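Trainee: Counting along the sequence shown from 1, when you hit position 48 you're at 48 in full-length UniProt numbering, and nothing is skipped either side.
Here a beta-carbon is modelled for each residue, glycine too, at the ideal position from N, C-alpha and C.
Given the structure is predicted, the values throughout are model-derived calculations rather than measurements.
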Amino acid sequence: RCEQRQMSIRDSSMATLPEARGKGAARNVLSALAGWADANNADRMYLQVERGNGAASRLYARAGFTEMCVYHYRSAGRR
1 RCEQRQMSIR DSSMATLPEA RGKGAARNVL SALAGWADAN NADRMYLQVE
51 RGNGAASRLY ARAGFTEMCV YHYRSAGRR
């Protein structure tokens with residue numbers, strides 16, 4: 001019997017210091033994660049980004065990520 005295991009890679013938190021922005025640090029980290037995922041036969045890679053974070057959205061789009069779903073959150077005590 002042969003089973004195929006699925007593996008997903010999730011980037012849960014990445015931030016760049018203001019003085020380091022625009023120098024390729026986030027692109028390099030994302031590239032390293034993608035390389036690791038490929039080397040380990042991951043089926044997919046996914047991440048979450050806040051809608052107002054244009055720089056991150058552009059970075060991820062250039063890396064081939066596409067929007068698949070939108071999450072809505074409710075903070076405690078707010079209606």
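What residue range does the alpha helix (DSSP H) around R44 cover?
Mentor: Per DSSP, R44 belongs to no alpha helix (DSSP H); it is in the beta strand (DSSP E), 44-47.
Trainee: Compare the Cα-Cα distances from A26 to each of C69, G52, E50, R58 and report the closest residue.
Mentor: The shortest C-alpha separation from A26 is found at R58.
Trainee: Just verifying my parser: in three-state terms, what is the DSSP assignment at S75?
Mentor: coil
Trainee: Whole angstroms is fine: what's the gap from R44's alpha carbon to F65's?
Mentor: 10 Å
Trainee: From Y73 to E50, what distance separates their C-alpha atoms?
Mentor: For Y73 and E50, the distance between alpha carbons rounds to 11 Å.
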